[in-house]
Amino acid sequence: MELPFLPGNSPNKQLGKERFHKSQHFEYYNELPMLSKSERPGIGGEPLVGQTFKPKYSVYPKGLGRELPSWIAFDKQTLCFEAFFQEAVPEAQDETYRIRRCKIYFYLEDDTVQVVEPKYKNSGIPQGTLLHRQRVPLPAPNDDQFYHIYHFNINQQMVLYSRKYTVTNCDSFTRNFLTKLGVRLNNPGSVPDDPYSKHREEIEKSMKPLRPYERCDTLRQFLDHDQDVLCFNCLWDDTDSMFGDPRELQLHYYLADDTIEILEVVSPNCGRDTAAKFLRRGKLPKYSAKMKLPGQITDRTVLNVFDSTGQKKRYMLDSLKTGAVHDEFYKDCDLTLGLEVNVWGRRVILTNCDNFTKDYYRAKYGIEDFTPVVYKAPPVSKPQRQMPPYTGFGSEEDSLSSCQGLLPKPPQKDFLKFMENDRCDVISVLNFRAKMVTTDPVDSDRLFIISFYLCDDTICVFEPQQKNSGVLGGKFLQRDRVKKPGQELFKSELSEYLKAQDLYVGAILYLSGNHFQVLDADECTFIYMEQHAEKFPKSNVGNILSKLQSIPEEKQSEIRRFLALSDPNNTGFISYELFRGLLTGLGCGLSEHEVRVLGRSFSEREEPAADVGLMLAVAQDFLKKNHFQEFLEMDRAFTYCDQYKTGRLSTKETRTICKAFQLPLPDTLLGGLISKFAEGDEVDYPALLAGMNWLEHLAPSVMPEDWLRFDVNFTFGAGGAAVKNVNFSSLLKAVFSFPFDSADPTTSTTTEAQAGR
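Residue numbers (the working numbering): 1497 to 2253.
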């Protein structure tokens, strides 16, 4: 039963439709409106009844170029077909038709076609691009459509602008692409022979030109071996001739073109004039005894040369080369060590070669024997040059430099050593405390400070002032290098000077006519010597432990019994004085410095707390005596670097600003003040400036000892910080490999003796 034709019972085609525009049927041609010939769709772009639309471009394989325009998805992708067409040749005697081969290119991005014919030499017809790249319409009656990808196949005919092409084959990319589209490709076709082209080839083969072109291709050899040169050392024995002598030469063989060049090695003061080259670069013949005349060796041989007054000069080239001169030239395979090379009548012997030449012959010819030819006696050792003794004027280096040339030069200092040790971030001065070794009761109580500068190995001795001593303190020895005792004054050799390794606790030094005994060193000196133990054997803990390990078993038992009696509470620690007395009484050859270093390594030390008020008072005293008043400028510099105005700057920036203003403070005092006003890596620079400002916040005066303490950067004690207790249990384990036992000393001794047996 059909529904009645009522509203709502019939389907409405306009429901859901949004486009209702009408297509335009007029177009502009040459600026004139004309009715379009092509069919246009109906309302909203929908086809009319019975109207079909033809595809404008080709259909591409699925999965290629998805969601991308064709000019991006198929950019630089082209199908290539091999084809030919037959062209009639009217009014010709030798040929009636011609077979012309070409290639058809189909560009996938826009369905354009291009036909190109390869150019042949002396063809006499225009060749190259026969059809420029464009969209090609199909032949009539389908001339309103264009060629697309499904119109192409092999072993078929195609009409492109009234010219019939036969497609014979395609490349691998085209074959794979069409196969993915589902196109079934035909079998490849054959190209018929062109009778006239075949006839021309037979004529060219039978022709024998009077001036044949000889091709000598050396490009590959040049590209493979460009800048590769074999180098040989040579000898030319010219002693048979008058005033002749052996001549040393150097032979260069260029692998790029098999040419040889020989240079002469002219030694200094040999009396010979230097020449640019002994033999100019070129090919060297093997058996030629003399040079060829100009024109005797040529690339071509000329025959039947005659001169005619009425006609031009004529000549003919000899293709058989009947009068050519054939010379055999030296190759790389002919050059070996010990071989005599004939250099235009001169006998040159190859004596040696460089490493590149050895590797070349080893890799190409498998030669392993490269024993050089000995042709001269070994050089006579020159007698050692005797220098005159020291004159007594200036230093020994100045006296030596005056004997080394007519124009004396100042002695060169070790600039690298100076740059490594004369810096603010490293320790540059080693400080020691010493006393004078004498029987005079007044001089025996005097204390001295010996400073050793690592940048130039100089020594300075300073005597602090002591109350009621009757001796004025001050500088005892000017900073200079100090010679070791027992050396002659006027001698040819340079004197030996005191080094940093000669200064240690317990050493006896001879300075300025007096003997000094080193008593102590500051904390920085001990730290530096321990960090550079490879340079300071006295501070090398490994060497000290090896000395202790060589102690006999009887003394080991004595050490354990002494330690057990010294530590009744079994704590594993003893005082440093008892530890020092034990090692000194053993007689194991340990110096005072080595005992101090061993105690520092196995000790509990307490760092003395620095007084901030005393440090600020000493700093103000330094600044006041040097008339430093640039506190306002320093505050501006600190504020400028503080971008966020927090009143804090890093330690590096604070030290940089202080160094920029040349703050007259010792490095130790400046570093201590910065560390006291720092929280982590940030320094409270307003408080630091306020503490150093002696113009506004004057601190109480300080004693000379306090000023001297920071001036010479010196703090003494048991290695700087007080060494109170020594962990002897860990020392015993490290040295003797047995733990400490606080049992009865007698029992432990008996047990050890039995274990030793």
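Glycine residues also receive a C-beta, built at the ideal position from the N, C-alpha and C atoms.
Small disclaimer: the values here were computed from a predicted structure and weren't measured.
When the alpha-carbon of F1580 is set against those of D1690, D1894, Q1547, the nearest one is in D1690.
In the structure shown, P1633 falls within a strand segment according to DSSP collapsed to helix, strand and coil.
In this structure V2001 touches D2016 by the C-beta definition: roughly 6 Å separates them, less than 8 Å.
Listed in chain order, the beta strand (DSSP E) runs fully inside the segment 2113 to 2141 amount to none, counting runs of at least 3 residues. Less than 8 Å separates the beta-carbon of F2224 from that of G2068. Excluding five sequence positions before and after L2079, the CB atoms of its chain that fall closer than 6 Å to its own CB belong to L2086, V2091, given in chain order. If only complete runs of 3 or more residues are kept, the segment 1560 to 1605 shows the beta strand (DSSP E) at 1574 to 1584, 1593 to 1603, in order along the chain. V1798 is the residue among E1824, C1829, L1831, V1798 whose C-alpha sits nearest the C-alpha of L1816. Per the Cβ contact rule, the segment 1723 to 1743 is in contact with the segment 1845 to 1854 (3 or more Cβ pairs under 8 Å). The segment 1882 to 1968 is shown to contain whole alpha helix (DSSP H) runs of 4 or more residues at 1892 to 1897, 1911 to 1917, 1937 to 1940, in chain order.
Secondary structure of Q1641 (DSSP, three-state): coil.
For the pair L1926 and Y1857, the CB atoms are not nearer than the 8 Å cut-off.
In this structure, the beta-carbon distance from L2165 to L2184 does not fall below 8 Å. Here DSSP, grouped into helix, strand and coil, assigns Q2013 to strand.
For Q1746, the closest C-alpha among the options P2160, V1725, C1766 is that of V1725. Going by beta carbons, C1951 and S1924 fall inside the 8 Å limit. Each residue's CA atom was taken as its position, placing E2026 and K2220 some 19 Å apart. By the Cβ-count criterion, W1567 is exposed, with fewer than 16 other Cβ atoms from all chains shown falling within 10 Å of its own Cβ. In this chain, the alpha helix (DSSP H) harbouring Q2045 covers 2037 to 2045. According to the DSSP assignment, P1529 belongs to the beta strand (DSSP E) that extends over 1528 to 1531. Judged by beta-carbon spacing, V2231 lies within the 8 Å limit of L2044, meaning their Cβ atoms are closer than that value. Across the structure, D2177 and L2161 are spaced so that their CA atoms are roughly 21 Å apart.
Counting along the chain, Q2052 sits inside the alpha helix (DSSP H) bounded by residues 2049 to 2062.
Given a length threshold of 4 residues, each whole run of the alpha helix (DSSP H) inside the segment 1708 to 1781 is given here in chain order: 1715 to 1721. Short of 7 Å from the beta carbon of R1768, and not among the five residues preceding or following it, lie these beta carbons of its own chain, in chain order: V1762. Counting along the chain, D2163 sits inside the alpha helix (DSSP H) bounded by residues 2163 to 2172. When DSSP reads this structure, Q1610 sits in a beta bridge with Y1601.
For the 8 Å CB-CB criterion, V1933 and H2011 form a contact. Non-local beta-carbon contacts of A2003 in its own chain, meaning distances under 7 Å to residues more than five positions away in sequence, involve V2014 in chain order. Here DSSP, grouped into helix, strand and coil, assigns N1851 to helix. The shortest CA-to-CA distance from D1865 to any of E2192, G1834, Q1520, G2077 is the one to G1834. Distance check between F1774 and each of G1969, K1782, P1781, E1760 places E1760 closest, using alpha-carbon atoms only. When the beta-carbon positions are compared, M2188 and L2112 come within less than 8 Å of each other. Going by DSSP, S2097 is part of no beta strand (DSSP E) but of the alpha helix (DSSP H) stretching over 2088 to 2097.
If you ignore the 5 residues before and after D1918, its C-beta comes within less than 7 Å of the C-beta of S1924, C1951, all in its own chain and listed in chain order.
Beta-bridge pairing by DSSP links D1828 to no other residue.
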